[in-house]
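In our numbering, the protein residues as written are 442 to 630. By construction, the Cβ of each residue, glycine as well, lies at the ideal position given by its N, Cα and C atoms. What you are looking at is a predicted structure, and each value in this text was computed from that prediction instead of being measured.
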C-alpha cells in the first residue's frame, strides 16, 4: 500500500534472487512476476537492489513512505526508458510516442542529435533523443526524483579484467561453454 511499480522487465537468475529475498524474510512464490521481484528487491535493498538484478528491465517505483520516485534501466540498455522534465512534471515511458502524446511536450527537435544521426547513423549522446524535451535514461543508470530535484546516477560499469590465458587451447573452449551454460541457465524460466 505504500510502494508501487510499473515495469517493462524480464528478470533473469530468478531462483537465486528469490532465495536471497527469502533469506531476508520476504516469502515469494516461485511464480512471482518480474515486477513483484523487482519491487520486493527494492523493499529489501533500496537503491542497491540494482546490484541484485540481472536481465532486461526499465521500471519506475513510487516509494510513498519516502515520497520519491526511483527509476532504473538495465545494464546493457535493452529496455528503453524515456522521460521529459517540464517544470514540475516528470513524464516517463518506455516509448517515445507515449511521451509525445502529452500536451506539454513540444515537437521541437534536438538539432545536435539530428546532426549526429545524419553524420554517424546514430545519436552519440546516450541520454539524448531526436526531441528537445525528451531525454533517455542511459544504460546502467537510475533516476531519482525527490521533491523538486531529479538526479541521475550510474550504478554499474563493465569490469575490465586482465586478459585470460590458459595453457591448453581446449581450456578456452571449456571456459566458454561454462559461461554459456551459466548465462542460459540464468535466462531460463
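Evaluate residue 452 with the Cβ neighbour count: other Cβ atoms within 10 Å of its Cβ, from every protein chain shown; 16 or more gives buried, anything less gives exposed. Classification of residue 452: buried, given that the 10 Å Cβ count is 16 or more.
Buried or exposed: which applies to residue 615, given that a residue is buried once 16 or more other Cβ atoms fall within 10 Å of its Cβ? A residue is called buried once 16 or more other Cβ atoms fall within 10 Å of its Cβ, and residue 615, having fewer, is exposed.
Does the count of Cβ pairs from the region 607–614 and the region 571–585 closer than 8 Å reach three? Contact between the region 607–614 and the region 571–585 is absent, because fewer than three Cβ pairs lie under 8 Å.
Cβ atoms of residue 498 and residue 449: under 8 Å apart, would you say? Result yes, Cβ atoms of residue 449 and residue 498 sit closer than 8 Å.
I'd like to check one pair, residue 482 with residue 469: are the Cβ atoms closer than 8 Å? Result no, Cβ atoms of residue 469 and residue 482 do not sit closer than 8 Å.
Inter-residue spacing [alpha-carbon to alpha-carbon] between residue 507 and residue 522: Cα to Cα, the separation comes out at about 23 Å.
Go to residue 594, then tell me how far its beta strand (DSSP E) extends in each direction, as first and last residue. 590–595 is the span of the beta strand (DSSP E), which, as asked, contains residue 594.
With H, G and I counted as helix, E and B as strand and the rest as coil, what does DSSP make of residue 447? It is a strand residue.
What does DSSP give as the partner residue(s) for residue 453 in the beta ladder? Paired residue(s): 495.
For residue 504, does the three-state DSSP call read helix, strand or coil? Of the three classes helix, strand and coil, the one that applies to residue 504 here is strand, per DSSP.
Whole-number beta carbon distance between residue 550 and residue 572, since they are thought to touch under 8 Å: Yes, they are in contact, since the Cβ atoms of residue 572 and residue 550 sit about 6 Å apart, within 8 Å.
Would you kindly work out how many angstroms separate the C-alpha atoms of residue 520 and residue 496, rounded to a whole number? Just so you know, the alpha carbons of residue 520 and residue 496 end up roughly 10 Å apart.
Outcome for residue 603 when other beta-carbon atoms lying within 10 angstroms are tallied against a minimum of 16: With fewer than 16 Cβ atoms within 10 Å of its Cβ, residue 603 is classed as exposed.
Buried or exposed: where does residue 487 fall if 16 or more other Cβ atoms within 10 Å of its Cβ makes it buried? The residue in question, residue 487, is exposed, as its Cβ has fewer than 16 Cβ neighbours within 10 Å.
Please report the Cβ distance between residue 458 and residue 478, rounded to the nearest whole angstrom; I am assuming they are in contact, meaning their Cβ atoms lie under 8 Å. About 6 Å; that satisfies the 8 Å criterion.
Thinking just about the alpha-carbon of each residue, which of 454, 621, 484 is nearest to the one in residue 466? Considering only alpha carbons, the answer is 484.
Selection from 540, 598, 590 that minimises the alpha carbon distance to residue 518: Residue 598 is the option with its Cα nearest to residue 518.
Alpha carbon to alpha carbon, what distance is there between residue 474 and residue 442? Looking at the two C-alpha atoms, the distance is approximately 18 Å.
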